[in-house]
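Counting with my numbering, you get residues 270 to 767 for the letters of the sequence shown. Even glycine gets a Cβ: it sits at the ideal position worked out from N, Cα and C. In this text, all values refer to a predicted model and were calculated from it rather than measured experimentally. The block underneath contains the structure these notes are about, expressed in structure tokens.
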Amino acid sequence: MPAPICRAGADLVGSRAGLFTVEPTYLNDCRRYRMSTIHEQFLASLDPATGEVVGEVPVTPAADIAGIVDEAREAAAQWRALTHQERAGRLTLAGEALVERSEELGTLLSREMGKPRDHGIGEVRSCGAGMRTKAERAAAALAPVAEVTNDVETTIYRDPLGVCALITPWNYPVLTTHWMIVPALMAGNAVVLKPSEETPLIGQAYAEVLMGVLPDGVLRVVHGGDEQGKALVAASVDLVAFTGSREAGMHIMAAAAHGLKRLVLELGGKDPLIVLDDADLEAAARMAVNNSLDNAGQTCVATERVIVAAAIADAFEARVVELASDVKAGPWDAAGVTYGPMIHARQRDHVIGHIREALEAGATALLGGPEQPERYIEPTVLTGVTGDMRIAQEETFGPVVCISRFESISDAVREANASPFGLGAMVFGADEARAHDVARQLDAGMIGVNRSLGGVGDTPWVGAKQSGFGYHGSPDGTRQFAQTRVVRRVAVAASAGA
Ligand code: NAD
Numbered sequence: 270m271p272a273p274i275c276r277a278g279a280d281l282v283g284s285r286a287g288l289f290t291v292e293p294t295y296l297n298d299c300r301r302y303r304m305s306t307i308h309e310q311f312l313a314s315l316d317p318a319t320g321e322v323v324g325e326v327p328v329t330p331a332a333d334i335a336g337i338v339d340e341a342r343e344a345a346a347q348w349r350a351l352t353h354q355e356r357a358g359r360l361t362l363a364g365e366a367l368v369e370r371s372e373e374l375g376t377l378l379s380r381e382m383g384k385p386r387d388h389g390i391g392e393v394r395s396c397g398a399g400m401r402t403k404a405e406r407a408a409a410a411l412a413p414v415a416e417v418t419n420d421v422e423t424t425i426y427r428d429p430l431g432v433c434a435l436i437t438p439w440n441y442p443v444l445t446t447h448w449m450i451v452p453a454l455m456a457g458n459a460v461v462l463k464p465s466e467e468t469p470l471i472g473q474a475y476a477e478v479l480m481g482v483l484p485d486g487v488l489r490v491v492h493g494g495d496e497q498g499k500a501l502v503a504a505s506v507d508l509v510a511f512t513g514s515r516e517a518g519m520h521i522m523a524a525a526a527h528g529l530k531r532l533v534l535e536l537g538g539k540d541p542l543i544v545l546d547d548a549d550l551e552a553a554a555r556m557a558v559n560n561s562l563d564n565a566g567q568t569c570v571a572t573e574r575v576i577v578a579a580a581i582a583d584a585f586e587a588r589v590v591e592l593a594s595d596v597k598a599g600p601w602d603a604a605g606v607t608y609g610p611m612i613h614a615r616q617r618d619h620v621i622g623h624i625r626e627a628l629e630a631g632a633t634a635l636l637g638g639p640e641q642p643e644r645y646i647e648p649t650v651l652t653g654v655t656g657d658m659r660i661a662q663e664e665t666f667g668p669v670v671c672i673s674r675f676e677s678i679s680d681a682v683r684e685a686n687a688s689p690f691g692l693g694a695m696v697f698g699a700d701e702a703r704a705h706d707v708a709r710q711l712d713a714g715m716i717g718v719n720r721s722l723g724g725v726g727d728t729p730w731v732g733a734k735q736s737g738f739g740y741h742g743s744p745d746g747t748r749q750f751a752q753t754r755v756v757r758r759v760a761v762a763a764s765a766g767a
């Protein structure tokens with residue numbers, strides 16, 4: 270296993286703190302690179318609850334990235350020579366190591382990103398524990414398939430593409446990397462990963478676990494912000510697998526057009542939850558609260574709009590306020606905390622801006638509001654939200670339950686679909702057939718009826734409209750990380766008999 274390149278925690282503070290002038294407010298406002306006294310550029314990672322430096326990584330000079338991609342391509346030869354089963358075996362070992370180290374890595378994740386420690390550990394552990402199954406399913410999806418018609422054998426191969434660029438966000442820094450890296454590696458590709466500049470330490474640590482089972486150089490990590498991301502997209506990569514905002518996705522799609530690079534884009538969402546008049550009120554209210562507030566609302570499939578039948582709206586809102594009042598925000602290591610701070614001040618200001626503008630435009634705060642403690646947004650419940658408000662249109666990515674009312678189901682469907690996003694959606698209603706009928710009218714990639722969204726087993730993680738372009742999960746998703754190649758020849762049996 271290569272020596273870790275990042276320094277973390279006490280080690281850093283003891284040895285390098287003198288290199289920085291640390292001003293917590295500035296640091297939490299925007300994580301920037303600072304020049305150390307040895308004239309190397311470092312990216313400092315900060316605890317969003319305190320602004321303290323958790324660790325640092327060297328920033329990869331953008332000019333070096335094309336060369337790193339070329340080196341990764343060379344290194345891929347050894348990896349692509351293995352069978353799918355051999356690759357799955359190696360990744361399974363990495364999965365076991367992730368489970369073994371889940372407390373340590375999960376704690377690092379939480380310190381860097383802010384989510385409660387058990388959530389951080391759970392994210393790492395679930396990825397590790399699911400590795401064997403995920404890798405073996407990928408092996409099955411990528412296996413050659415032959416068909417003989419008359420005397421002609423046609424074989425469909427799923428070959429490596431070459432080098433995959435993986436560019437990931439901070440909100441689920443391990444999960445979003447894991448989802449893309451497993452199919453990319455299983456298909457025999459080399460990978461150059463650029464973790465989010467907000468969570469470089471856990472990105473590096475996760476990658477180092479995988480490097481421990483891979484041939485040298487097959488997985489490379491570059492660190493930095495959008496400058497490094499752009500340089501990676503511009504390099505001679507064969508596929509860009511990106512999870513992040515719609516805006517960055519648009520840039521990447523335009524940039525990838527030069528060279529016609531393959532794309533998998535998992536982008537933002539504005540998920541609606543429709544509560545029909547016969548819904549189990551308790552279950553619907555719990556879902557609205559949990560799925561709006563979890564991870565401080567910083568989840569791509571968070572519920573961002575709750576569209577509730579007017580007939581039950583008063584009772585529904587009262588229960589939502591009761592439930593949300595019990596939810597506690599706090600630091601990653603505090604007991605009894607549901608979610609942590611906002612990742613940085615920019616994100617906190619963005620959410621507060623949405624709340625403030627909605628109130629000015631006629632919405633009512635049933636809980637919380639625009640006055641918030643430093644670094645956090647306490648659970649906030651708004652009602653009277655209308656489609657023309659910014660909070661109903663843009664991704665908010667904050668712990669806000671936004672409620673509007675509908676009179677007819679067609680109005681509810683129209684409102685739910687009135688968004689350029691189409692990642693997830695949910696419908697709650699006791700008449701399953703009617704709820705299912707509503708679900709089928711929603712323009713989203715993943716829809717839950719009386720439960721959370723996302724399929725079971727090996728199903729696609731997929732967005733509709735501007736939430737996604739390409740996807741992962743499922744045999745079809747896995748195959749997007751491979752080059753399909755069709756070879757036609759005289760069937761072996763026929764040529765042997767001739
Ligand atoms: P972001 O788009 O700001 O950044 C994501 C990554 O892209 C970072 O590594 C960043 O450095 C890099 N980047 C930014 N601009 C780039 C460019 N022009 N070219 C290349 N790289 C670039 O997103 P974020 O703030 O890190 O994450 C939050 C967003 O991610 C939200 O919109 C959320 O909905 C989305 N997300 C989607 C999913 C999904 O599965 N669909 C999952 C998690 C998060």
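Proximity test, residue i beta-carbon vs ligand 1 heavy atom, cut-off 8 angstroms
i	result
residue 667	no
residue 437	yes
residue 501	yes
residue 441	yes
residue 511	yes
residue 536	yes
residue 348	no
residue 598	no
Alpha-carbon spacing of residue i relative to residue j, whole angstroms
i	j	result
residue 266	residue 585	A query on residue 266 cannot be resolved here, the shown segment of the chain reaching from 270 to 767 and no further.
residue 771	residue 551	The chain is shown from 270 up to 767; residue 771 falls before or after that span and cannot be answered.
residue 609	residue 385	6 angstroms
residue 434	residue 367	22 angstroms
residue 710	residue 685	10 angstroms
residue 420	residue 760	5 angstroms
residue 722	residue 695	7 angstroms
residue 319	residue 579	42 angstroms
residue 364	residue 482	10 angstroms
residue 605	residue 432	44 angstroms
residue 646	residue 678	33 angstroms
residue 436	residue 588	40 angstroms
residue 627	residue 620	11 angstroms
residue 566	residue 745	30 angstroms
residue 406	residue 369	23 angstroms
residue 514	residue 461	20 angstroms
residue 472	residue 666	21 angstroms
residue 548	residue 653	20 angstroms
residue 715	residue 376	30 angstroms
Classification of residue i by the beta-carbon crowding that lies within 10 angstroms, buried from 16 upward
i	result
residue 529	exposed
residue 751	buried
residue 373	exposed
residue 527	exposed
residue 732	buried
residue 757	exposed
residue 656	exposed
residue 389	buried
residue 725	exposed
Where residue i sits in the DSSP three-state scheme
i	result
residue 283	Only weak support exists for where residue 283 lies, its pLDDT of 31 falling under 50; the coordinates are left without a value.
residue 400	helix
residue 677	coil
residue 734	strand
residue 751	strand
residue 358	helix
residue 307	With a pLDDT of 44 at residue 307, under the threshold of 50, the predicted position of this residue should be treated as unreliable, though the coordinate-derived value follows. Reduced to three states, the DSSP call for residue 307 is coil.
residue 346	helix
residue 585	helix
residue 463	strand
residue 540	strand
residue 469	helix
residue 443	helix
residue 535	strand
CB of residue i within 9 angstroms of CB of residue j, strictly
i	j	result
residue 357	residue 455	yes
residue 692	residue 739	no
residue 561	residue 668	yes
residue 673	residue 410	no
residue 493	residue 463	yes
residue 488	residue 476	yes
residue 571	residue 564	yes
residue 341	residue 457	no
residue 353	residue 408	yes
residue 401	residue 412	no
residue 707	residue 543	yes
Residue i Cβ short of 8 angstroms to ligand 2 heavy atom set
i	result
residue 628	The model on display carries ligand 1 but not ligand 2.
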